[in-house]
Amino acid sequence: MSTKTDKNRVVIFDTTLRDGEQSPGASMNLEEKVRIATVLEEMGVDVIEAGFPIASEGDFEAVRAIAGKIKESTICGLARATSQDIDRAAEALKPAARKRIHTFIATSPLHMEHKLKMGPNSVLEAVHDSVTRARGYTDDVEWSAEDATRSETDFLCRCVEIAINAGATTINIPDTVGYALPEEFGALIALLRNKVPNIDKAVISVHCHNDLGLGVANSLSAVRNGARQVECTVNGLGERAGNAAMEELVMAMRTRNDLMPYHTGIKTELITRASHLVSTVTGFVVQPNKAIVGANAFAHESGIHQDGMLKHAGTYEIMSPESIGLTESKIVLGKHSGRHAFTTKVKEMGLDLDDEAIEDVFRRFKDLADKKKEVFEEDLVALIDDRIVRGSDRIKFVSLQVVCGSKGPQKADLELKVDGETITTSAQGDGPVDATFAAIRNLFPHEATLQLYQVHAVTKGTDAQAEVTVRLEEKGRTVNGQGADVDTMVASARAYVNALNKLIVKRGKSAPAALSA
Ligand code: KIV
Ligand code: ZN
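Quick note: the sequence shown, position 170, residue 158 per the numbering used here, numbers continuous.
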């Protein structure tokens, strides 16, 4: 049933690639954004906010690439209330099968006076002009009242009415600073529905930040009061404390359908996959006790709970792990599996790779199967994610030999290929990681500083692959590199080299200018 005729259908608007990427350190490159958008489309996300095209060349290119690739979800680009922003968004969205321009302006006295330095009448005029301009490019226009929850309600109602008259089809009410409380926010949505005369001509959307930890509660309260689009991000990524988490919103509506008879188009079985991908790409680890996707969300430690679970899963589980795509680790392939079995398995897992990538991942799978007794689905996903983030790297990892232990000194012998030429070095350091990174600096001198070094095990057991994230910063540019291997030092070297490659690409592009909204 279409979202327009089904009154209980809630539109899922994912802004992981826009508001999510605005988290300090969570930058993603074009390939990574396309990969995430592909998974979001597969999940059934209705609208993907792919970026803020005027913000940087990189954002523009990412929105354009996603618009060219994704066919089912609507692709959205953000724009302030200026003609330059709107024209740039429209240009980036040109290849999209379904496109939306999302334009916004602040409506609270605080923002209007101190940030915009505009009076209320100028803001009303800007609302009309920006929506009218956006409608010149597409019939699907979303208008947002930034800082809506600290705006005067009469003024907010006038803005909304003008936006709808100018052609906005979705009206978004953001709790920009995560200030609202659930009842209060629900009442604001009810008030808009009662007071704005043309409100039935638009879908009401909400966009809740999590500064008080209430992003999801506020969004659900809004839905119960008539909002039919929720803006959210995977893992709750986003500015400051983040945005409402998609997985929490979707699973709350599904699990408490008795009190919230709403539904979304999300294939919840893909939640775990999306969560893992976003966490790997951004280097933002999911806290173990995070609702739905935390490693402990379905773990039962205490004796009483385990006993109850053995008798009936419903005793301590309100949703099944399978419903979010969490299955027992499955052994997928062994060291004797051939290319055909491997390719079939990759396809079965819903992962699409071109021939060159299959060749590369197959080679690494064979290496892994030699070292590790059992190769699990998670191992394959890690190898594939590793390949995706590696793209067309200028610097390639070849080999690493590390001497470590309590007798010191720790030493790393490293071989890299830079622009096709093999180079080697030896370096000492305070520990094996320091020695490895020093060796990389010997072979490829640079000034970037290490902001984050993080290791996590892909599966259980001492022979598990390590997945390493390295964050580097150079002159305001931040990049995250990833690497996976059964040897933690090799994974670390791969992650560092991956980050350097991304930095090289970023150096070629100007650093994004700070935007004043
Ligand atoms: O938080 C906010 O107000 C936003 C708007 C641009 C929708 O992100
Ligand atoms: Zn936001």
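Using N, Cα and C, we set each Cβ at its ideal position, and we do this for glycine too.
Quiz prompt | Contact test: Asp422 Cβ vs the ligand ZN heavy atom, cutoff 6 Å | solution = On the sequence shown, residue 422 is found 434 positions in, with the first residue counted as 1. No - the ligand ZN has no heavy atom lying nearer than 6 Å to the Cβ of Asp422.
Self-check item: Range covered by the beta strand (DSSP E) that runs through Thr62
Solution: Locating residue 62 in the sequence shown gives position 74, counting from the first residue. That run of the beta strand (DSSP E) goes Thr62 to Arg68.
Quiz item: Along the chain, where does the beta strand (DSSP E) that runs through Thr137 open and close?
Solution: The residue given as residue 137 occupies position 149 in the sequence shown. Thr137 -> no beta strand (DSSP E), and no H or E assigned at all.
Quiz item: What do you reckon, are the CB atoms on Arg459 and Gly13 nearer than 7 Å?
Solution: The count along the sequence shown starts at 1 and reaches residue 459 at position 471. The count along the sequence shown starts at 1 and reaches residue 13 at position 25. Yes; because the gap between Cβ atoms is below 7 Å, this pair is in contact.
Practice problem: With Gly174 as the anchor, note down where its alpha helix (DSSP H) starts and where it stops. | Solution: Translated into the one-based positions of the sequence shown, residue 174 becomes position 186. Element bounds for Gly174: Pro170 to Lys183.
Self-check item: Residues of its chain near Val281, where Cβ-Cβ distance is below 6 Å and the 5 sequence neighbours each way are ignored
Solution: Along the sequence shown, one-based indexing puts residue 281 at 293. So the list reads Glu235, Ser263 and Val274, once near-sequence residues are dropped.
Practice problem: Identify whether Lys506 lies in helix, strand or coil by the three-state DSSP scheme. | Solution: Missing from the structure shown is residue 506; the chain here goes from -11 to 505 and no further.
Quiz item: Since Gly46 is in the alpha helix (DSSP H), which residue starts that stretch and which ends it?
Solution: Locating residue 46 in the sequence shown gives position 58, where the first residue counts as 1. Looking at the DSSP string, the run of the alpha helix (DSSP H) that includes Gly46 is Glu45 to Lys57.
Quiz item: Rounded to whole angstroms, how far is the Cβ of Gln470 from the Cβ of Thr457, which I believe are closer than 8 Å?
Solution: The sequence position of residue 470 within the sequence shown is 482, counting from 1. The sequence position of residue 457 within the sequence shown is 469, counting from 1. Right, their Cβ atoms sit about 6 Å apart.
Practice problem: Classify Glu305 as helix, strand or coil using the three-state DSSP reduction. | Solution: Position 317 of the sequence shown, counted from the start, is the residue given in the question as residue 305. If DSSP states are grouped into helix, strand and coil, Glu305 belongs with coil.
Exercise. Report whether the distance from the Cβ of Thr91 to the nearest heavy atom of the ligand KIV is below 6 Å.
Key: Taking the first residue of the sequence shown as position 1, residue 91 is located at position 103. Incorrect: Thr91 has no Cβ contact closer than 6 Å to the ligand KIV.
Quiz item: Would you report the Cα separation of Ile159 and Ser132, rounded to the nearest angstrom?
Solution: The sequence position of residue 159 within the sequence shown is 171, counting from 1. The sequence position of residue 132 within the sequence shown is 144, counting from 1. When rounded, the distance between both Cα atoms is 6 Å.
Quiz item: Is the Cβ-Cβ distance between Glu187 and Ala215 less than 7 Å?
Solution: Residue 187 sits at position 199 when you count from the first residue of the sequence shown. Residue 215 sits at position 227 when you count from the first residue of the sequence shown. A small fix is needed here, since residue 187 is Ile in this sequence, not Glu. No; because the gap between Cβ atoms is not below 7 Å, this pair is not in contact.
Self-check item: Stretch-stretch touch, CB-based, cutoff 8 Å, three pairs: the stretch 32 to 43 with the stretch 76 to 87
Solution: yes
Self-check item: Own chain partners of Gly56 with C-beta closer than 8 Å, once the 5 adjacent residues on each side are dropped
Solution: The sequence position of residue 56 within the sequence shown is 68, counting from 1. Only Pro83 and Ala84 meet the Cβ criterion.
Quiz prompt | Range of the contiguous alpha helix (DSSP H) that encloses Gly203 | solution = As a first step, residue 203 is located in the sequence shown; it is residue number 215 there, counting from the start. Gly203 to Arg212 is the extent of the alpha helix (DSSP H) around Gly203.
Quiz item: Any heavy atom of the ligand ZN within a distance shorter than 6 Å of the CB on Asp7?
Solution: Taking the sequence shown and counting its residues from 1, the one referred to as residue 7 is at position 19. Yes, the Cβ of Asp7 comes within 6 Å of a heavy atom of the ligand ZN.
Quiz item: Going by beta carbon distance, what residues of the same chain come within less than 7 Å of Asn284, once the five residues before and after it are set aside?
Solution: As a working note, residue 284 is residue 296 in the sequence shown. The answer, listed in chain order, is Pro276 and Asn277.
Practice problem: Locate the beta strand (DSSP E) running through Asn468, then write down its first and last residues. | Solution: The sequence position of residue 468 within the sequence shown is 480, counting from 1. Residues Arg465 to Asp473.
Quiz prompt | Proximal residues to Ile89 (C-beta, below 8 Å), its chain only, five neighbours per side dropped | solution = Sequence index remark: in the sequence shown, residue 89 carries index 101 (1-based). If we look at Ile89 and ignore the five residues flanking it on each side, its Cβ neighbours are Cys64, Gly65, Ala67, Ile74, Ala77, Ala78, Leu81, Ala122, Tyr125, Thr126, Asp128, Val129 and Glu130.
Quiz item: Taking all protein chains shown into account, do 16 or more other C-beta atoms lie within 10 angstroms of the C-beta of Ala287, making it buried, or fewer, making it exposed?
Solution: Start at 1 with the first residue of the sequence shown, and residue 287 comes out as number 299. Exposed, because fewer than 16 other Cβ atoms sit within 10 Å of the Cβ of Ala287.
Quiz item: Does any heavy atom of the ligand KIV sit closer than 6 Å to the C-beta of His195?
Solution: As a first step, residue 195 is located in the sequence shown; it is residue number 207 there, counting from the start. Yes, the Cβ of His195 comes within 6 Å of a heavy atom of the ligand KIV.
Self-check item: Under the three-state DSSP convention, the category Phe1 falls into
Solution: Translated into positions along the sequence shown, residue 1 becomes position 13. Phe1 falls in the strand class under three-state DSSP.
Quiz item: Helix, strand or coil for Lys(-5) per DSSP?
Solution: In the sequence shown, the residue the question calls residue -5 occupies position 7. Of the three classes helix, strand and coil, the one that applies to Lys(-5) here is coil, per DSSP.
Practice problem: Taking Thr91 as part of the beta strand (DSSP E), name the residues at either end of that continuous run. | Solution: Within the sequence shown, numbered from 1, the residue matching residue 91 stands at position 103. Lys87 to Ala94 is the extent of the beta strand (DSSP E) around Thr91.
Self-check item: Asn231, enclosing alpha helix (DSSP H) - first and last residue
Solution: In the sequence shown, counting from the first residue as 1, residue 231 sits at position 243. Unbroken run through Asn231: none, as it is neither H nor E.
Self-check item: Local conformation of Ile161 per DSSP, three classes
Solution: As a first step, residue 161 must be located in the sequence shown, where it is residue number 173. Reduced to three states, the DSSP call for Ile161 is strand.
Exercise. May I ask you to report which of helix, strand or coil DSSP gives Ala501?
Key: Taking the first residue of the sequence shown as 1, we reach residue 501 at position 513. Legend: pLDDT at Ala501 = 48, less than 50; position of this residue unreliable, value from coordinates given subsequently. The answer is coil: DSSP assigns Ala501 none of H, G, I, E or B.
Quiz item: Hey, quick one: how far does the alpha helix (DSSP H) through Ala25 stretch, first residue to last?
Solution: If you number the sequence shown from 1, residue 25 lands on position 37. Unbroken alpha helix (DSSP H) run through Ala25: Leu18 to Met31.
Quiz item: With C-beta atoms as the reference, is Phe364 less than 7 Å away from Thr447?
Solution: As a working mapping, residue 364 is identified with position 376 in the sequence shown. As a working mapping, residue 447 is identified with position 459 in the sequence shown. Yes. Within cutoff.
Quiz item: Say the cut is 6 Å; is the CB of Ser44 nearer than that to a heavy atom of the ligand KIV?
Solution: Position 56 of the sequence shown, counting from 1, holds the residue named residue 44. No - the ligand KIV has no heavy atom lying nearer than 6 Å to the Cβ of Ser44.
Quiz item: Where Thr120 and Val191 are concerned, what is the direct C-alpha to C-alpha distance, given to the nearest angstrom?
Solution: For the purposes of this step, residue 120 is identified with residue 132 of the sequence shown, where counting begins at 1. For the purposes of this step, residue 191 is identified with residue 203 of the sequence shown, where counting begins at 1. Cα to Cα, the separation comes out at about 18 Å.
Quiz item: Alpha carbon to alpha carbon, how far is Leu356 from Thr91?
Solution: Residue numbering aside, residue 356 sits at position 368 when the sequence shown is read from its first letter. Residue numbering aside, residue 91 sits at position 103 when the sequence shown is read from its first letter. Taking the straight line joining both Cα atoms gives about 48 Å.
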